[in-house]
Amino acid sequence: MLRKALLILSGNAAASLLLFARNLVIARLIAVEDYGIASTFAIAMSVVEMASQLGLQQMIVQAREGEDPHFQAALQGFQVLRGVISGVVLFLAAGLVADFLIIPEVAWAYQVMALVPVLNALQHFDIHRMNRDLRFWPLILTGAVPALLSLAALWPLTVWFGDYRVMLFALIVQAAIATITSHATAERPYRLVLDRQIMARSLAFGWPLLINGFLLFAVFQGDKLIVGRELGMAPLAIFSMGVTLTLTPTLVLGKSAQNFFLPQLGRLATSRDEDPAPFATVAQAMLQATLLSSCLLVLAILLLGPMLVTVALGDKYAELIPLLALFAVQQGLRSFRTGPNVIALSGGHTVNAMLSNAVRVASLPLAWWVIARGGSIASLLTIAVIAEILGFVVAMAMAQRSLSLSFRPSWPAIALSALIILAVGVTVVSPGLATLGLWASAILFVPLLWSMKEFRHNIRAAA
1 MLRKALLILS
11 GNAAASLLLF
21 ARNLVIARLI
31 AVEDYGIAST
41 FAIAMSVVEM
51 ASQLGLQQMI
61 VQAREGEDPH
71 FQAALQGFQV
81 LRGVISGVVL
91 FLAAGLVADF
101 LIIPEVAWAY
111 QVMALVPVLN
121 ALQHFDIHRM
131 NRDLRFWPLI
141 LTGAVPALLS
151 LAALWPLTVW
161 FGDYRVMLFA
171 LIVQAAIATI
181 TSHATAERPY
191 RLVLDRQIMA
201 RSLAFGWPLL
211 INGFLLFAVF
221 QGDKLIVGRE
231 LGMAPLAIFS
241 MGVTLTLTPT
251 LVLGKSAQNF
261 FLPQLGRLAT
271 SRDEDPAPFA
281 TVAQAMLQAT
291 LLSSCLLVLA
301 ILLLGPMLVT
311 VALGDKYAEL
321 IPLLALFAVQ
331 QGLRSFRTGP
341 NVIALSGGHT
351 VNAMLSNAVR
361 VASLPLAWWV
371 IARGGSIASL
381 LTIAVIAEIL
391 GFVVAMAMAQ
401 RSLSLSFRPS
411 WPAIALSALI
421 ILAVGVTVVS
431 PGLATLGLWA
441 SAILFVPLLW
451 SMKEFRHNIR
461 AAA
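Residues 1 to 463, numbered by full-length UniProt numbering, are exactly what the sequence shown covers, in order.
Next up, the structure:
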């Protein structure tokens with residue numbers, strides 16, 4: 001089991017590292033303002049993805065009939081339908097998106113981006129179905145191979161274009177190769193079925209995830225929209241790179257935790273009525289693993305981030321270095337929520353993530369008001385940190401309530417994780433205490449590991 005966990009983590013990390021390298025290379029090769037424009041392509045994609053996110057990939061893993069070929073074909077058919085609709089929506093909304101960001105000359109690029117949701121929707125669901133048996137290689141290859149070829153495509157794209165169009169066509173290459181790879185690694189023939197009953201069930205399962213898609217758009221892209229519209233493309237480039245540096249490892253950890261624990265928790269959830277102990281034990285281990293990885297993430301960004309910015313990006317991104325600690329704290333706190341949300345999802349409770357994200361979204365009007373009145377990126381990040389703390393509290397409360405599950409065994413780990421984040425926060429408030437904050441964070445890792453009884457037991461059992 002430990003080998004499976006390491007495989008997932010290394011596979012997801014490899015794909016994300018390649019995409020991270022791609023973004024760094026693009027940022028290095030093109031002007032700061034052009035990178036700001038390039039970062040808006042992610043915003044445009046999120047606009048359509050948020051409106052069609054139904055969690056079909058999670059459903060084939062979680063549902064009891066996930067192995068049924070007809071069920072899979074119906075999910076694939078529904079996925080293609082939503083992908084085509086998403087592409088049409090993006091094509092028609094391209095002008096509105098460009099006008100809102102005050103870059104009307106880029107509208108054509110958003111229209112070209114309409115190909116991406118269609119290509120993504122054509123992926124074969126075998127890469128997700130095989131996760132039920134803890135077979136992760138197809139999913140890993142579908143992430144890593146497109147990322148590698150997208151990175152390799154940068155040289156000819158830079159020679160041909162040399163501006164924000166490099167990112168545009170790199171994204172299209174990535175989407176096309178991902179779809180091809182998913183079919184190349186599949187075991188079953190690819191079939192599409194439009195089954196009204198399964199579509200209705202998918203909507204019943206996915207409507208909280210659909211709403212959560214809107215909320216995730218606001219969480220991931222709302223701050224960027226505020227910065228881009230109020231401060232301009234150059235500050236947006238700085239902010240987007242800060243998000244890239246800190247969000248990339250956060251997503252790796254979150255995706256790896258979900259890939260590894262969701263199939264286990266899903267199986268144990270079906271027998272909770274007879275014997276709730278195994279589910280509760282794995283749930284505690286999952287929460288503790290999330291806390292540990294989040295704290296390691298924050299400390300790593302604080303230690304290595306400034307050097308990475310200097311070496312990889314040069315002087316034109318020097319303004320980012322003083323903000324890295326705030327970015328790290330925000331993303332670390334956001335990663336805390338992965339634990340309770342995945343645990344709730346394993347029991348079929350998809351509303352939990354939606355409600356915890358709603359807390360974060362509620363902070364955006366305040367952030368916009370502050371920025372519009374002369375506030376800085378640091379002010380925006382401070383508001384985000386407070387909202388992430390409240391979101392974690394809501395996620396924990398909802399998971400306990402929906403599953404009748406007590407997280408008491410993990411309270412010491414939660415308290416120590418909070419102290420580590422607080423110690424890192426000291427480096428933001430008082431730069432003169434940076435060394436003290438770093439040492440305090442490092443020392444607290446010893447009792448943190450000791451407090452994670454269920455996590456340590458899970459690791460020993462996996463070994």
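No residue lacks a Cβ here, since even glycine has one placed at the ideal position from N, Cα and C.
Just so we're clear, the structure is a prediction, and the values are computed from it rather than from any experiment.
Determine, using beta carbons only, whether residue i and residue j come nearer to each other than 8 Å.
i	j	result
M199	F78	yes
L419	L449	no
A98	L313	no
A259	F136	Sequence check: residue 259 is Asn here, not Ala. In this structure, F136 lies closer than 8 Å to N259 by Cβ.
L168	F20	no
A74	D195	yes
S293	L247	no
Could you spell out where the alpha helix (DSSP H) holding residue i opens and where it closes?
i	result
S410	Unbroken run through S410: none, as it is neither H nor E.
H183	R165 to A184
F161	Element bounds for F161: n/a, residue is neither H nor E.
G314	Note, G314: premise wrong, no alpha helix (DSSP H); not H, not E.
M130	Unbroken run through M130: none, as it is neither H nor E.
S293	A277 to L308
I371	L364 to A372
Y190	Run containing Y190: none; DSSP gives neither H nor E here.
V329	L324 to F336
A153	Taken as a continuous stretch (DSSP letters only), A153 belongs to no alpha helix (DSSP H), as it is neither H nor E.
A107	A107 to V112
At the level of alpha carbons, what is the spacing between residue i and residue j?
i	j	result
E319	M241	11 Å
A153	I177	12 Å
T338	L262	11 Å
A440	I386	22 Å
R132	R267	9 Å
E388	V359	8 Å
G162	R191	40 Å
D223	L380	8 Å
Q174	V193	26 Å
T185	I85	27 Å
S410	S256	20 Å
L355	L405	18 Å
L90	L171	15 Å
L416	S451	9 Å
I414	Y317	34 Å
D68	L139	19 Å
L245	G305	8 Å
A285	Q76	33 Å
L149	P117	19 Å
residue 493	A442	With the chain covering 1 to 463 only, the question about residue 493 has no answer from this structure.
P249	V329	13 Å
R165	V446	48 Å
N458	V282	8 Å
G374	S39	23 Å
S52	A144	Bear in mind that a pLDDT of 49 at S52, under 50, signals an unreliable position, so the model cannot answer this.
According to DSSP, is residue i helix, strand or coil?
i	result
F91	helix
W450	helix
A397	helix
H124	coil
F136	coil
L419	helix
D195	coil
H349	coil
D68	coil
S22	What sits at residue 22 in the sequence shown is Arg, not Ser. R22: helix per DSSP, three-state reduction.
F445	helix
R272	coil
A74	helix
I103	coil
L17	helix
I43	helix
I386	helix
V30	Here residue 30 turns out to be Ile, not Val, going by the sequence shown. I30 falls in the coil class under three-state DSSP.
L403	helix
A51	Here the model assigns A51 a pLDDT of 49, short of 50, so the residue's position is not dependable, and the following value carries that caveat. The answer is coil: DSSP assigns A51 none of H, G, I, E or B.
S376	coil
G232	coil
Pair every Cβ in the segment 289-299 with every Cβ in the segment 343-354, then say whether three or more of these pairs are closer than 8 Å. no
Touch check for the segment 420-429 and the segment 365-372: three-plus C-beta pairs under 8 Å? no
Assess contact between the segment 119-130 and the segment 88-105, defined as three or more Cβ pairs (one per stretch) separated by less than 8 Å. Is contact present? no
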